[in-house]
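Participant: Sequence order for the protein chains is A, B and C. Mapping to the numbering used here: the first sequence position 49 is 59, numbers consecutive. Mapping to the numbering used here: the second sequence position 18 is 169, numbers consecutive. Mapping to the numbering used here: the third sequence position 195 is 246, numbers consecutive.
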Amino acid sequence: MSVQEITFVIIAVIGGVSAVRMVTSRNVVHAALYLVVTLAMVGAVYLVVAAEFLAWVQVLIYVGAIVVLLLFSLMLTKAPIGRDTLDNQQRGLAALVGMGVLAGLAFLIQDSFGGSKPITLHQATTEQVGVTLFRGFVWPFEVVSVLLLAALVGAVVIARKDDPAGSRRGPDRRAPLRRGSEATRR
Amino acid sequence: MTTGYVPILILAAMAGAFAVLSLAASALLRPKHPLPAKSAPYECGIEPIRLPQSERFPVKFYVVAMLFIIFDIETIFLFPWAVAFRSLGLFGLVEMIVFIGLVFVAYVYVWQKGGLEWEKPEQARRELSARFVPLPPSVERSPGDRITREPAAVESGAG
Amino acid sequence: MLSVLGQVSGGPAVAHGKLLFRPIGPELILVGVALAVMLLDAGYPERHHATLALLSLAGLAAAAAYSLSLWSWTGPTTVLGGMVAADRFTVFFRLVILGVAALAVLLSYQYLERADEVRGEYYPLLLFATAGMTLITAAADLIVVFLALEVLSLSLYLLTGFSFRRLASAEASMKYFLLGAFSSAFFLYGIALAYGATGTTNLAGIAHGLTGQVGPLSLALAASGLLAVGFGFKVAAVPFHMWAPDAYQGAPTCVTAFMSAGTKVAAFAAFLRVFDVAFSPLIWDWKPFVWILAALTMVVGSVLAIAQSDVKRMLAYSSVAHAGFILVGVTAASHAGIQAAMFYLAVYPAMILGAFGVVMVVSGRGERGLTLSSYAGLARRSPLVAAVLALLLLSLAGIPPTAGFIAKVAVFTAAIQSGHWPLALVGVLASVVAAFFYLRVIVLMYMQEPVIAGGQREAETGFDAEPGAVGSLGFVAIAVPALLTLIFGVFPGILFGVLKSASIIRF
Numbered sequence: 011m012s013v014q015e016i017t018f019v020i021i022a023v024i025g026g027v028s029a030v031r032m033v034t035s036r037n038v039v040h041a042a043l044y045l046v047v048t049l050a051m052v053g054a055v056y057l058v059v060a061a062e063f064l065a066w067v068q069v070l071i072y073v074g075a076i077v078v079l080l081l082f083s084l085m086l087t088k089a090p091i092g093r094d095t096l097d098n099q100q101r102g103l104a105a106l107v108g109m110g111v112l113a114g115l116a117f118l119i120q121d122s123f124g125g126s127k128p129i130t131l132h133q134a135t136t137e138q139v140g141v142t143l144f145r146g147f148v149w150p151f152e153v154v155s156v157l158l159l160a161a162l163v164g165a166v167v168i169a170r171k172d173d174p175a176g177s178r179r180g181p182d183r184r185a186p187l188r189r190g191s192e193a194t195r196r
Numbered sequence: 152m153t154t155g156y157v158p159i160l161i162l163a164a165m166a167g168a169f170a171v172l173s174l175a176a177s178a179l180l181r182p183k184h185p186l187p188a189k190s191a192p193y194e195c196g197i198e199p200i201r202l203p204q205s206e207r208f209p210v211k212f213y214v215v216a217m218l219f220i221i222f223d224i225e226t227i228f229l230f231p232w233a234v235a236f237r238s239l240g241l242f243g244l245v246e247m248i249v250f251i252g253l254v255f256v257a258y259v260y261v262w263q264k265g266g267l268e269w270e271k272p273e274q275a276r277r278e279l280s281a282r283f284v285p286l287p288p289s290v291e292r293s294p295g296d297r298i299t300r301e302p303a304a305v306e307s308g309a310g
Numbered sequence: 052m053l054s055v056l057g058q059v060s061g062g063p064a065v066a067h068g069k070l071l072f073r074p075i076g077p078e079l080i081l082v083g084v085a086l087a088v089m090l091l092d093a094g095y096p097e098r099h100h101a102t103l104a105l106l107s108l109a110g111l112a113a114a115a116a117y118s119l120s121l122w123s124w125t126g127p128t129t130v131l132g133g134m135v136a137a138d139r140f141t142v143f144f145r146l147v148i149l150g151v152a153a154l155a156v157l158l159s160y161q162y163l164e165r166a167d168e169v170r171g172e173y174y175p176l177l178l179f180a181t182a183g184m185t186l187i188t189a190a191a192d193l194i195v196v197f198l199a200l201e202v203l204s205l206s207l208y209l210l211t212g213f214s215f216r217r218l219a220s221a222e223a224s225m226k227y228f229l230l231g232a233f234s235s236a237f238f239l240y241g242i243a244l245a246y247g248a249t250g251t252t253n254l255a256g257i258a259h260g261l262t263g264q265v266g267p268l269s270l271a272l273a274a275s276g277l278l279a280v281g282f283g284f285k286v287a288a289v290p291f292h293m294w295a296p297d298a299y300q301g302a303p304t305c306v307t308a309f310m311s312a313g314t315k316v317a318a319f320a321a322f323l324r325v326f327d328v329a330f331s332p333l334i335w336d337w338k339p340f341v342w343i344l345a346a347l348t349m350v351v352g353s354v355l356a357i358a359q360s361d362v363k364r365m366l367a368y369s370s371v372a373h374a375g376f377i378l379v380g381v382t383a384a385s386h387a388g389i390q391a392a393m394f395y396l397a398v399y400p401a402m403i404l405g406a407f408g409v410v411m412v413v414s415g416r417g418e419r420g421l422t423l424s425s426y427a428g429l430a431r432r433s434p435l436v437a438a439v440l441a442l443l444l445l446s447l448a449g450i451p452p453t454a455g456f457i458a459k460v461a462v463f464t465a466a467i468q469s470g471h472w473p474l475a476l477v478g479v480l481a482s483v484v485a486a487f488f489y490l491r492v493i494v495l496m497y498m499q500e501p502v503i504a505g506g507q508r509e510a511e512t513g514f515d516a517e518p519g520a521v522g523s524l525g526f527v528a529i530a531v532p533a534l535l536t537l538i539f540g541v542f543p544g545i546l547f548g549v550l551k552s553a554s555i556i557r558f
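(1) Kindly indicate if chain A contains any beta-carbon less than 8 Å away from that of residue 164 (chain B).
(2) Under the three-state reduction of DSSP, which class applies to residue 136 (chain C): helix, strand or coil?
(3) Straight-line CA distance for residue 280 (chain C) to residue 340 (chain C)?
(4) Can you pull the DSSP bridge partners for residue 253 (chain C)?
(5) Between residue 84 (chain C) and the ligand ADP, is there a pair consisting of the residue's CB and a ligand heavy atom that are separated by less than 7 Å?
(6) Using 8 Å as the Cβ pair cut-off and three pairs as the minimum, do the stretch 466–486 of chain C and the stretch 343–353 of chain C touch?
(7) According to DSSP, what are the bridge partners of residue 361 (chain C)?
(8) Would you check if the stretch 308–321 of chain C and the stretch 179–196 of chain C touch, i.e. whether three or more CB-CB distances between them fall below 8 Å?
(9) Per DSSP, which one or two residues make a beta bridge with residue 134 (chain A)?
(10) Is there at least one Cβ from chain C nearer than 8 Å to residue 29 (chain A)'s Cβ?
(11) Name the residues in the stretch 70–95 of chain C whose C-beta lies less than 9 Å from a C-beta of chain B; which are they?
(12) Under 8 Å, do residue 375 (chain C) and residue 457 (chain C) count as touching if we go by C-beta distance?
(13) Residue range of the alpha helix (DSSP H) that residue 78 (chain C) falls in?
(14) Using a Cβ-Cβ distance under 8 Å, would residue 66 (chain A) count as near chain C?
(15) Does the distance from the C-beta atom of residue 153 (chain A) to that of residue 253 (chain B) stay below 8 Å?
(16) Cα-Cα, which of A:34, A:54, A:160, A:101 is closest to residue 16 (chain A)?
(17) Note down, in chain order, every chain A residue with its Cβ under 7 Å from the Cβ of residue 253 (chain B).
(18) Are the beta-carbon atoms of residue 272 (chain C) and residue 333 (chain C) separated by less than 8 Å?
(19) Pick from C:89, C:139, C:289: whose alpha carbon is nearest that of residue 553 (chain C)?
(20) What three-state label does DSSP hand residue 87 (chain A) in the structure shown?
(21) Give the DSSP-derived three-state secondary structure of residue 77 (chain A) in the structure shown.
(22) Give the C-beta separation of residue 146 (chain C) and residue 115 (chain C) to the nearest angstrom, bearing in mind that I take them to be a contact with Cβ-Cβ under 8 Å.
(23) Going by DSSP in three states, residue 256 (chain B) sits in which element: helix, strand or coil?
(24) In three-state terms, what does DSSP make of residue 211 (chain C)?
(25) Could you list which residues in chain B have their beta carbon closer than 8 Å to that of residue 163 (chain A), in chain order?
(26) Once DSSP output is grouped into helix, strand and coil, what is the label at residue 453 (chain C)?
(27) Compare the beta carbon distance of residue 244 (chain C) and residue 270 (chain C) with 8 Å and say whether it is the shorter of the two.
(28) Can you look up residue 169 (chain C) in the DSSP assignment and give me helix, strand or coil?
(29) If you compare alpha carbons, which of C:196, C:542, C:283, C:318 is closest to residue 134 (chain C)?
(30) Cβ of residue 404 (chain C) within 8 Å of Cβ of residue 543 (chain C)?
(31) Spell out a yes or no on whether the stretch 465–476 of chain C and the stretch 361–372 of chain C are touching, meaning 3 or more CB-CB pairs, one atom from each, closer than 8 Å.
(32) Taking the CB atoms as reference points, tell me whether residue 380 (chain C) and residue 372 (chain C) lie closer together than 8 Å.
(33) Strictly under 8 Å for the Cβ-Cβ distance: is residue 110 (chain A) near chain C by that measure?
(34) Looking at the unbroken alpha helix (DSSP H) that takes in residue 211 (chain B), where does it start and where does it end?
(35) Would residue 148 (chain C) and residue 321 (chain C) be called neighbours here (beta carbons separated by less than 8 Å)?
(36) If you follow the alpha helix (DSSP H) that residue 31 (chain A) is in, where does it begin and where does it stop?
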């Protein structure tokens, strides 16, 4: 095995184990932290196949931002944080579906690329990514900004659910919110 | 595989080894006196009156996280653009100005709509007083809570 | 079948000077107007609902006029590096979608005023959704298809949950979002596999890559399957329709009207383009899949609609069934099939938007009076509204003098011509079943007394007998679709004449 293959095996084992731990962990926060490891390992795989820019996107967006959002949403939804709180009755079915997807993808990749000659890696530099992105994909790139725009408006809509008239001044713009801690305390 | 990452790899290995070694060393060297008080949550020396179990975080945190992701993605696009800036020329600049302009409009909008305001002081005080009501005596704590310090344990745990 | 023109490009080799922005003019106008509406709303936060609505309408009109000018476009068939198609197919669907959006603005104005839920974010989101819809009809690259799909879906998730005071609205938004995100994942994976199979995401490039291929096709087949699942979710075809009734029922009715009409048109336009262009070499492989999808959708949609007692839910299932009828045209995959599907896609939005419009007008503030029983005796209370609804329901059922009939005949004829007579048979049977629940509403309106006593009824439905209570804007928004179904039903030649050149997908 080459160095690259050994590295890949190590990364894949770490990522796979933490992925399994993520779905089997009963503590949601632990699950989220296992997700961090899995996502970081995916980033490492990108590095192994010489997709440097993608690896850093993976780390910055997924590890850096998405997981943080996930943790915030856990705290927001009052998901019980602690031991023995997470369980799903349909885990058998889920495992079956997961195995099916795995088998399907393994077959697919083996069938399509199995017999072909080994692929030589070309280092994709960030500059090449930039040139491709900003020359060939001009229009999709600008559409992304529209998507971000819509997402920001959406953030405003979700965040400011309590001011209907769109007025942002005045002391009584918020309807009295019932705090969950008051309503659900035993 | 890029060989430029070897120093980073070595650094990461050193950082990991340091953490593991410190923990291992302290586990081996420290005296062992396990007490319930030691595993109680620490609240500036005051006895904790309640666990954060039933507390819900304000939605504002979430909004900040959402805004962060959006601008994070914007920054990601800046990175390859900056690297390839010279070969892209004026056209690339115009492209990026349009992109940033659109997101900037969104930023102004969020700002104007008060999405970046945390909360007003009087409102914060109101919410705070509404939130921190002492637990009524009837409220039972679950056995696993272990938040009360037994006086005896505290005394003997001083060593 | 299709005129194969244009460059098979998709690579980054685009010289700066060759970028032609004219074919994306409508989208630029829509986004620009959306920005203007946003800034107007942020800068002047006091009540200015009419200004925002008028500005949005003006933007839609300008975009429509611009689209119309693209009808005579003689430049290259794809622009911006093969990302955007500039054909009459696009112009046709853009005009349909812009029309839908304009009527939705009229409905929305009345709805928001009545429900006291005027907020400045509504119109920008509506315009973003519209831009996403028009963009997807022009997308000649899977990346653009995906981004456009996301722009329109994201805006619609938010619009669905816009009536945040009603729990049902928030719940609908949540369900729609979760299943929509799920379907987006399918779609994205399909794009990835298509790229893996052919090395490009460009539709023409994929078709080119698949034509001469001798190796295993499993990757391309899996890609087409996943993309079909993604589209199936968006058009609410049957195994993937679960979100539709809940989302349609919970959303503000004006949003329901918009999305039931607009999303379906947009998603089907992309469906037609992707499957009849990119995957045309695999036509015999994806056809059976779409065949089953069409049959299931028609039957399940029609049968489940019977069991509904809520009007919005009933119309939601009916819209599911109609997706099945349109899929029959897609399955035919001939020129006649595309033409029939396009005719259907021009007529169906009018019918469903009008029907939901009437539901909105009849239901009171806060979405009451949505049960079928509240339609009892509507003809006596408001004959004009009842007549409009009756006409739209007849069209939805596919009864002769209306456009719905012509659309169904066209779709079934195309299917039979392509040798899919069993599918056509299933379709006819499903139409018969579907006719039952449409006619039941008509019978209720015309032949039954209102169930509840006078004063109480009005309090419950919030709608009194005065025709003026409908609101002139709301009336326009329901009368125009009704008129269109009648016109296209009596003179279908107008539309078919347009479709003769519009149904040629260029790439």
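Where is the CB? At the ideal position from N, CA and C, for every residue including glycine.
Facilitator: In terms of the structure at hand:
(1) Here residue 164 (chain B) refers to the residue found at position 13 of the second sequence. So no, residue 164 (chain B) is outside the interface.
(2) What you label residue 136 (chain C) is simply residue 85 of the third sequence in a count that begins at 1. In the structure shown, residue 136 (chain C) sits in a strand (DSSP, three-state: E or B).
(3) On the third sequence, residue 280 (chain C) is found 229 positions in, with the first residue counted as 1. On the third sequence, residue 340 (chain C) is found 289 positions in, with the first residue counted as 1. Here the alpha carbons of residue 340 (chain C) and residue 280 (chain C) stand approximately 10 Å from one another.
(4) Numbered from its first residue, the third sequence carries residue 253 (chain C) at position 202. Note: residue 253 (chain C) sits in a beta bridge opposite C:192.
(5) As far as ligands go, the structure on display features none, and thus does not contain the ligand ADP.
(6) Yes: the two stretches touch, three or more of their Cβ pairs being nearer than 8 Å.
(7) For the purposes of this step, residue 361 (chain C) is taken as the residue at position 310 of the third sequence. Answer is C:422.
(8) By the Cβ rule, the stretch 179–196 of chain C counts as touching the stretch 308–321 of chain C, because three or more pairs are nearer than 8 Å.
(9) The residue labelled residue 134 (chain A) in the question sits at position 124 within the first sequence. A:61, per the DSSP bridge assignment.
(10) Here residue 29 (chain A) corresponds to residue number 19 of the first sequence, with the count starting at 1. With 8 Å as the cut-off, residue 29 (chain A) does not count as an interface residue toward chain C.
(11) Hits within the stretch, in order: 70, 82, 86, 89, 90, 92, 93, 94.
(12) For the purposes of this step, residue 375 (chain C) is taken as the residue at position 324 of the third sequence. For the purposes of this step, residue 457 (chain C) is taken as the residue at position 406 of the third sequence. Taking a C-beta distance under 8 Å as the contact criterion, residue 375 (chain C) and residue 457 (chain C) do not qualify as a contact pair.
(13) Indexing the third sequence from 1 puts residue 78 (chain C) at position 27. Bounds of the alpha helix (DSSP H) holding residue 78 (chain C) are 76–94.
(14) Working through the first sequence from its first residue, we reach residue 66 (chain A) at position 56. No, residue 66 (chain A) does not count as interfacial toward chain C.
(15) As a first step, residue 153 (chain A) must be located in the first sequence, where it is residue number 143. As a first step, residue 253 (chain B) must be located in the second sequence, where it is residue number 102. For residue 153 (chain A) and residue 253 (chain B), no; Cβs fall outside 8 Å.
(16) Within the first sequence, the letter at position 6 stands for residue 16 (chain A). Among A:34, A:54, A:160, A:101, the Cα nearest to that of residue 16 (chain A) is on A:54.
(17) Residue 253 (chain B) sits at position 102 when you count from the first residue of the second sequence. The contacting residues are 155, 156, 159.
(18) Locating residue 272 (chain C) in the third sequence gives position 221, where the first residue counts as 1. Locating residue 333 (chain C) in the third sequence gives position 282, where the first residue counts as 1. It is a contact, given that the beta carbons lie within the stated cut-off.
(19) On the third sequence, position 502 is the one that residue 553 (chain C) refers to. Looking at the Cα atoms, C:139 is the closest of the given residues.
(20) Position 77 of the first sequence holds residue 87 (chain A). DSSP places residue 87 (chain A) in the coil class of the three-state scheme, outside both helix and strand.
(21) On the first sequence, position 67 is the one that residue 77 (chain A) refers to. In the structure shown, residue 77 (chain A) sits in a helix (DSSP, three-state: H, G or I).
(22) In the third sequence, residue 146 (chain C) corresponds to position 95, counting from 1. In the third sequence, residue 115 (chain C) corresponds to position 64, counting from 1. Rounded, the Cβ-Cβ distance is 6 Å, consistent with contact.
(23) If you number the second sequence from 1, residue 256 (chain B) lands on position 105. Helix at residue 256 (chain B).
(24) On the third sequence, position 160 is the one that residue 211 (chain C) refers to. In the structure shown, the three-state DSSP call for residue 211 (chain C) is helix.
(25) Stepping through the first sequence from its first residue, residue 163 (chain A) is reached at position 153. In chain order: 257, 260.
(26) Locating residue 453 (chain C) in the third sequence gives position 402, where the first residue counts as 1. Coil, per DSSP.
(27) Taking the first residue of the third sequence as 1, we reach residue 244 (chain C) at position 193. Taking the first residue of the third sequence as 1, we reach residue 270 (chain C) at position 219. Taking a C-beta distance under 8 Å as the contact criterion, residue 244 (chain C) and residue 270 (chain C) qualify as a contact pair.
(28) Within the third sequence, numbered from 1, the residue matching residue 169 (chain C) stands at position 118. Here residue 169 (chain C) sits in coil by DSSP.
(29) If you number the third sequence from 1, residue 134 (chain C) lands on position 83. Looking at the Cα atoms, C:196 is the closest of the given residues.
(30) As a working note, residue 404 (chain C) is residue 353 in the third sequence. As a working note, residue 543 (chain C) is residue 492 in the third sequence. For residue 404 (chain C) and residue 543 (chain C), no; Cβs fall outside 8 Å.
(31) No: the two stretches stay apart, fewer than three of their Cβ pairs being nearer than 8 Å.
(32) Counting from 1 along the third sequence, the entry for residue 380 (chain C) is found at position 329. Counting from 1 along the third sequence, the entry for residue 372 (chain C) is found at position 321. Against a cut-off of 8 Å, the Cβ pair of residue 372 (chain C) and residue 380 (chain C) comes out as no contact.
(33) Here residue 110 (chain A) refers to the residue found at position 100 of the first sequence. Not closer than 8 Å to any Cβ of chain C, the Cβ of residue 110 (chain A) fails to qualify, so no.
(34) In the second sequence, residue 211 (chain B) corresponds to position 60, counting from 1. Secondary structure note for residue 211 (chain B): its alpha helix (DSSP H) is the uninterrupted segment 210–234.
(35) Counted from its first residue, the third sequence places residue 148 (chain C) at position 97. Counted from its first residue, the third sequence places residue 321 (chain C) at position 270. No, these two residues do not count as a Cβ contact at 8 Å.
(36) As a first step, residue 31 (chain A) is located in the first sequence; it is residue number 21 there, counting from the start. Residues 13–34.
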